[in-house]
Amino acid sequence: MARFANWFGKNADAVIALVLAVVVAVLGLGVNLPNETEITNSGILAVIGLLATSVLRDRGRRVPVEAEVRDTLRASAATLGELDAKLTHIEAFEGVLSDTKRALDETTVVRVISGAQVAQVLAEARRATDRWFFKGGTGTYIRARTLPECVAAARRERRTLLFRMEILDPTNVEVCEAYARHRRSVSDGPDATGEPWTLERTRKEAYATILAACWHKQRFAMLDIDIGLAQTMTTLRYDLASSGVVVTRDDPRGEALVVDSAKFYYSWVSAELQTSLDQARRVPVEQARLAPLDDEPTVEEVRKLFEVIGIDLAQGYTDRDVIEIIRKALRAKDPYE
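The sequence shown begins at 26 in the working numbering and counts up by one.
Given below as structure tokens:
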């Protein structure tokens with residue numbers, strides 16, 4: 026009964042309108058009632074009034090609904106705004122994470138290796154490289170391993186080889202003496218080649234590197250080699266190949282740094298080596314063709330070569346000194362063995 030009363034309360038106007046409509050319809054069928062016309066007119070007016078009441082009630086109900094919809098839309102817009110702000114913060118956070126990951130990747134790419142691994146890492150770098158940049162002291166290891174093996178690989182594969190070297194200027198006595206003192210301060214005795222470091226050894230090693238470069242250039246036309254003579258010494262040696270760069274010190278038994286070529290520090294070192302080479306005294310290696318060298322150069326050929334390229338041999342050098350330079354150039358001892 027309560028449910029019916031609740032239902033009737035919500036739909037009373039429609040029920041009354043329906044009853045009146047039935048009464049009017051019955052009268053229309055010819056049922057004789059007193060004052061029939063007045064009853065019909067009153068019924069029609071009542072139905073119209075009920076319809077108007079229903080319309081007003083519907084409009085009254087619709088106003089809160091529309092307000093609720095508007096409030097819901099506003100809330101949704103606010104929620105979307107908050108969501109957009111959160112997405113912006115998430116994107117910024119992802120950027121920070123990406124930068125952090127990249128920084129961590131860059132720091133982990135610098136590997137520290139022991140002296141026993143240096144020769145192996147350099148050998149792996151020589152296998153398929155098409156370039157080599159070196160900056161260091163006199164280039165003993167360059168003559169013993171790097172230059173001949175890189176030339177042999179390039180000749181075997183019939184490709185070009187770009188070679189850049191910056192070594193001490195053998196005509197600068199002061200810088201050669203400073204280098205020799207530095208090497209003796211590290212170790213008083215002979216190094217792995219069996220010789221102690223003196224001024225004369227330093228100068229002869231540098232002369233030998235120049236001679237070796239010219240000798241290889243005459244035998245391999247696709248070797249693009251450039252040599253710069255530094256007026257200051259460095260305690261570090263840089264060997265840069267297409268796969269990476271190896272940074273060592275004078276002691277081959279010490280630790281070394283290895284940087285992969287895909288990392289930003291590799292390009293930094295490459296630019297630094299090129300800039301340093303541009304400021305060094307250049308050796309005109311291309312002029313070496315005017316002083317041909319035999320497979321086993323003679324003393325006269327070597328003297329002629331240094332005269333042609335404008336590098337003066339030290340005063341007082343005897344034929345024995347020149348022969349020693351030739352030996353160091355073509356049969357250098359590996360300081361890592």
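The beta carbon of each residue, even a glycine, is placed where N, CA and C say it ideally should be. Quick caveat, the model's predicted, so the values are computed rather than measured.
Please report the straight-line C-alpha distance between residue i and residue j, rounded to a whole angstrom.
i: arginine 152; j: alanine 178; result: 7 Å
i: serine 267; j: aspartate 249; result: 15 Å
i: glycine 214; j: tryptophan 222; result: 8 Å
i: glutamine 256; j: histidine 207; result: 15 Å
i: threonine 185; j: alanine 148; result: 19 Å
i: glutamate 311; j: valine 137; result: 38 Å
i: arginine 209; j: arginine 183; result: 42 Å
i: glutamate 220; j: threonine 227; result: 11 Å
i: arginine 156; j: alanine 203; result: 30 Å
i: alanine 233; j: serine 139; result: 28 Å
i: methionine 247; j: aspartate 359; result: 25 Å
i: arginine 328; j: leucine 338; result: 8 Å
i: proline 317; j: phenylalanine 331; result: 11 Å
i: aspartate 285; j: arginine 170; result: 21 Å
i: glutamate 297; j: glutamate 107; result: 49 Å
i: alanine 217; j: glycine 279; result: 13 Å
i: leucine 224; j: valine 198; result: 8 Å
With H, G and I counted as helix, E and B as strand and the rest as coil, what does DSSP make of residue i?
i: isoleucine 334; result: coil
i: tyrosine 291; result: helix
i: valine 56; result: With a pLDDT of only 48 at valine 56, under 50, the local geometry of the prediction cannot be trusted, and the value read off the model is given with reservation. Coil.
i: tyrosine 342; result: coil
i: glutamate 220; result: coil
i: threonine 104; result: helix
i: tyrosine 361; result: coil
i: leucine 81; result: A caution first: leucine 81 carries a pLDDT of 48, below 50, which makes its placement in the model unreliable, though a value can still be read off. Leucine 81: helix per DSSP, three-state reduction.
i: glutamate 199; result: helix
Assuming residue i and residue j are in contact, meaning their beta carbons sit under 8 Å apart, how far apart are those beta carbons, in whole angstroms?
i: isoleucine 336; j: threonine 163; result: Actually they are not in contact, since the Cβ atoms of isoleucine 336 and threonine 163 sit about 14 Å apart, beyond 8 Å.
i: leucine 302; j: glutamate 191; result: 5 Å
i: valine 308; j: isoleucine 252; result: 4 Å
i: alanine 231; j: arginine 168; result: Not quite, the Cβ-Cβ distance comes to about 11 Å (not below 8 Å), so this is no contact.
i: valine 143; j: threonine 273; result: 6 Å
i: alanine 313; j: valine 333; result: 7 Å
i: glutamate 211; j: aspartate 275; result: One detail in the question is off: residue 211 reads as valine in this sequence, not glutamate. Contact holds; Cβ gap of about 6 Å.
i: alanine 305; j: leucine 254; result: 6 Å
Is it buried or exposed for residue i, if we count other Cβ within 10 angstroms and need 16 for buried?
i: arginine 244; result: exposed
i: methionine 258; result: buried
i: threonine 293; result: As written in the sequence, residue 293 is tryptophan, which differs from the threonine given in the question. Exposed, because fewer than 16 other Cβ atoms sit within 10 Å of the Cβ of tryptophan 293.
i: threonine 154; result: buried
i: arginine 181; result: exposed
i: alanine 205; result: buried
_In chain order, each beta strand (DSSP E) run of at least 3 residues that lies wholly inside the segment 126-181_ = 136-138, 156-160
*In chain order, each alpha helix (DSSP H) run of at least 4 residues that lies wholly inside the segment 297-334*: 324-333
*asked:* Restricting to runs no shorter than 4 residues, where is the alpha helix (DSSP H) found entirely within the segment 202-276?
replied: 224-244
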